[in-house]
Amino acid sequence: MELALILTVIVVALSFDYTNGFHDAANAIATSVSTRALTPRAALLMAAAMNLVGAFLGTGVAQTVGAGIIEAPEGDSGLLVVLAALVGAIAWNLITWWLGLPSSSSHALIGGLVGAAIASANTVKWTGILEKVVIPMVVSPVVGFALAFLVMTAIQWIFRRSHPGRVNRGFRLAQTFSAAAMALGHGLQDAQKTMGVITLALVVGGYQSGFDVQWWVIVLAATALAAGTYAGGWRIMRTLGRRIVHLDPPMGFAAESVAAGVLYTTAFAYHAPISTTQTITSAVIGVGATKRLSAVRWGVAGNIVTAWVLTIPMAGLAAALSYGLLHLVPGLNSL
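Following this line, the structure appears as structure tokens:
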């Protein structure tokens, strides 16, 4: 049973990674597509390639997810907890994708782990969640908004006497690089979260000791994320690229550059699994606010914030329900 269960967990984890890719593809390319800096298909191909590269740049976030969120028991019962967490996270990803809401796949996964752990009466590492999840969850959007506002203000001042047409053409070219940097940051952050869950499954299943990420786990997670990204996420792309604020190329460049910087800093310096969705969305709102506050569609932004707030508890609830339902499966009801 244990081998079959761990293989099931790995397959479901890679399925989550795939849904993460098409759910969060808009994070990297929505602004570039909306400003016509890149065609949708070229943008998706570039984002998929950079996601693949970014996944090989570190494992610090993976170790945080694997070791710093919950304590799962060894054996089949622990694998069942991880499986329920993944099912809950996938369920919430699909719901928000269908509604076109750019919620956080990262927080869905963390909520799933917490919900499954609570349902199974296992330990939740609340201190680790506070330090590595809650604080970065609050701080990163604030920093993204503030830095994007400042960078966009500086761009407006520097190019205040330049011809708008030439400025837009120049920033359309620059957006090719800023979108690539954002996609690299997405791969760096989000592929590692799946690596962390698979590593957790290997540890509780007794197939390895310690939370160092094995090379084949990195390859599988990177490939699944890139494939999901190339599949696209058109519903969320419309929300992020057009419905919050009408972007021009300088605004798109500023938002992408700031968001990428925040992703790199949190991944390399703090090993914190922050939300790429929250980071780029807050940066988009920040650049939009430099035009005038009414340029931002605050009703749409409010719906997005609501999805952010609901993600961890709702994914946790879905995971808890999944844990209960899995016990109805013959062969699992004794775990």
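Quick note, the sequence shown lines up with residues 3 to 337 if you use our numbering.
A virtual CB, placed ideally from N, CA and C, is assigned to each residue, including glycine.
The C-beta distance from Ala317 to Gly90 rounds to 5 angstroms, short enough to meet the 8 angstroms contact threshold. Secondary structure at Glu73: strand, using DSSP grouped into helix, strand and coil.
Taking a C-beta distance under 8 angstroms as the contact criterion, Gly56 and Gly187 qualify as a contact pair. Residue range 217-233 is occupied by the alpha helix (DSSP H) that includes Tyr232. Within the same chain, and ignoring the five residues on either side of Ser284 in sequence, the residues whose Cβ sits closer than 7 angstroms to its Cβ are Pro143, Gly146, Phe147.
Separation of the CB atoms of Val35 and Ala150 is rounded to 18 angstroms, and the pair is thereby denied contact status at 8 angstroms.
Here the alpha carbons of Thr278 and Gln158 stand approximately 26 angstroms from one another. The closest CA to that of Ala226, considering only Leu249, Lys195, Asp214, is found on Lys195. For Leu101, the uninterrupted alpha helix (DSSP H) segment begins and ends at 78-101. In the structure shown, the three-state DSSP call for Val331 is coil. Under the three-state reduction of DSSP output, Thr201 falls in the helix class.
DSSP, reduced to helix, strand and coil, places Thr10 within a helical segment of the structure shown.
Going by beta carbons, Gly304 and Asn22 fall outside the 8 angstroms limit. The beta carbons of Arg168 and Thr37 sit no closer together than 8 angstroms.
Between Ala321 and Ala6, the C-beta gap is not smaller than 8 angstroms, which leaves the two residues out of contact. Shortest Cα-Cα distance from Ala309 to any of Gly102, His329, Tyr20, Val14 involves Gly102.
Taking all protein chains in view, the Cβ of Trp99 is crowded by 16 or more other Cβ atoms within 10 Å, so the residue is classified as buried. Ala156 sits exposed, since fewer than 16 C-beta atoms from the chains shown fall within 10 Å of its C-beta. The Cβ neighbour count for Val13, taken over all protein chains shown within 10 Å, is under 16; the residue is labelled exposed.
Per DSSP, reduced to three states, the secondary structure at Thr292 is coil, with no helix or strand assignment. Look at Thr41 here: in three-state DSSP terms it is coil, with no helix or strand label. Distances from the CA of Gly60 to each of Leu312, Tyr272, Ala74 were compared; the closest alpha carbon is that of Tyr272.
Contact between Leu132 and Val199 does not hold, since the beta-carbon distance rounds to 20 angstroms and is not under 8 angstroms. The Cβ atoms of Met184 and Ile276 do not sit closer than 8 angstroms to each other. Around Thr125, the same chain offers Glu73 as residues with beta carbons nearer than 6 angstroms, after the five sequence neighbours per side are excluded. By DSSP's assignment, Val126 forms a beta bridge with Ile72. For Gln216, same chain residues with a beta-carbon under 8 angstroms away, outside a window of 5 residues either side, are Thr201, Leu204, Gln210 in chain order. Nearest in C-alpha terms to Ala93, of all of Ala256, Ser107, Leu190, is Ser107. Exposed is the label assigned to Glu76, since fewer than 16 other Cβ atoms lie within 10 Å of its Cβ. The beta strand (DSSP E) runs lying completely inside the region 155-199 and spanning 3 residues or more number zero.
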